[in-house]
Amino acid sequence: MKVVHAGIFKDHCLGGDIIFKKGFEANGCEVEAFDYRQRINERGEAAMHAELIEQCIGKDLLFIGKGEKLSKACLSKIKKSGVSIALWFGDFCMTPKPWLNDILSQVDFYFLSSGRKVLQKHFDMGKPGSASFYFNPIDPSILQQFPNTFDKSTNILFTASKHRKLIMTEREATIDYLLTRNDVKFFGDANIKGLDLLLTKLGLKAKPPKVRGADYIREIYQTKIGIGVNLIQSIPRYTSDRLQHFMGLGTFYMPWYFPELELFFKDGEEIVPFHSIQDLEQQLSYFLHEEAHREQIAKAGMERCLKDYNTQAIVAMMLDVMKHGKSDKYPWCMTIDH
């Protein structure tokens, strides 16, 4: 299969399009990367659209990562030329954003990281050919590219950014609790509150640190326990890619439980979710001191991620959907069509 992959490639090594491109290549596809944002920066939107149409000539598939700058007219021309179009979208949205809703009707295969009612809502509103749930993939080569030679000097790591529109009850409660501890390392700005937040917005206080790429991987390696809370905890199967980052790199990870988590991992054997702040406090008290048990679960979770959720396997599931209209590779596979 000849694929043009229109995505974001000027990114760090854990960027979604970089990982998906490796998955297509591992499945024997010929892949040409097309960084639409970079093309726009260099030559403008009109030139980017013209170049994408030309590059798709003679190809089998246009695979889009996000695609917020791609026009409906451009995709319509590509589709009419006989090229299938697929799009993956990993950000959480209860309904499609206006730009996404506008182009989904030109998409044959839509892949979304939220399941059940949210997936159905995107399908009903955007009207793609089909809509399927996918689970964020792992790139196993990262372990060879960045070997773990670090001691675990950080007890707890929490990374997250604020969301300007959503009220994140569980995340706020978790942050409030973690701020009472003196053994938590924060990255991002989700933990900045009150006067500190005001001073940061006014430029009177330095912005909190962010960490990406190799530095992010190092921080994960050095951590005993990673904590994760989604923007919204009630969406079946939806989880941040932090889960894959921590677990795929072999660090013990505790997410706030999200519906149908048990479809992906064995509770207590490969992952330890928490259901409340009291539960989190108790689990932290235990696992910070029980190193052998903690690392046993972390190892099992990493092995599960690398075996079942590597990028070659997840892309194979996507290719199944494109070829057969559905996939039975995982118990959580879900495809909606007309």
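Here our numbering runs 5 ahead of the position in the sequence shown, where the first position is 1. We put the beta carbon where it would ideally sit given N, CA and C, even for glycine.
Three-state secondary structure assigned by DSSP to residue i
| i | result |
| --- | --- |
| H294 | coil |
| Y3 | Only positions 6 to 343 of the chain appear in this structure, which leaves residue 3 out of reach. |
| M322 | helix |
| S135 | strand |
| N315 | strand |
| Y243 | coil |
| D194 | coil |
| D284 | helix |
| F279 | strand |
| D188 | coil |
Bridge partners - residue i, DSSP secondary structure assignment
| i | result |
| --- | --- |
| L67 | V9, I90 |
| G233 | P260 |
| L117 | F94, F138 |
| I341 | A136 |
| I143 | N315 |
| D272 | I276 |
Delimiting residues of the alpha helix (DSSP H) encompassing residue i
| i | result |
| --- | --- |
| G28 | 21–31 |
| F128 | 121–131 |
| I83 | 77–85 |
| D107 | 103–108 |
| M53 | 50–60 |
| L183 | 174–183 |
Beta strand (DSSP E) segment containing residue i, residue limits
| i | result |
| --- | --- |
| Y221 | Element bounds for Y221: not the beta strand (DSSP E) but the alpha helix (DSSP H), 218–226. |
| N160 | 159–164 |
| D40 | 35–40 |
Local Cβ density within 10 Å of residue i, reported as buried at 16 or more and exposed below that
| i | result |
| --- | --- |
| K85 | exposed |
| T256 | buried |
| K7 | exposed |
| A211 | exposed |
| N235 | buried |
| E275 | buried |
| Y291 | exposed |
| A51 | exposed |
| S332 | buried |
### Message
Does the contact criterion of 3 or more C-beta pairs under 8 Å hold for the segment 36–49 versus the segment 103–121?
### Response
no
### Cβ contact check for the segment 158–165 and the segment 227–245: 3 or more pairs under 8 Å
yes
### Query
So, do the segment 126–141 and the segment 312–331 have three or more beta carbon pairs nearer to each other than 8 Å?
yes
### Query
When the Cβ atoms of the segment 60–74 are set against those of the segment 9–24, are three or more pairs found closer than 8 Å?
Contact between the segment 60–74 and the segment 9–24 is present, because at least three Cβ pairs lie under 8 Å.
#### Entry: Stretch-stretch touch, CB-based, cutoff 8 Å, three pairs: the segment 144–154 with the segment 239–255
yes
### Task
Count the CB pairs spanning the segment 89–97 and the segment 114–132 that are closer than 8 Å, and state whether there are at least three.
yes
### Query
Is the segment 216–225 in contact with the segment 14–25, if contact means three or more CB pairs nearer than 8 Å?
yes
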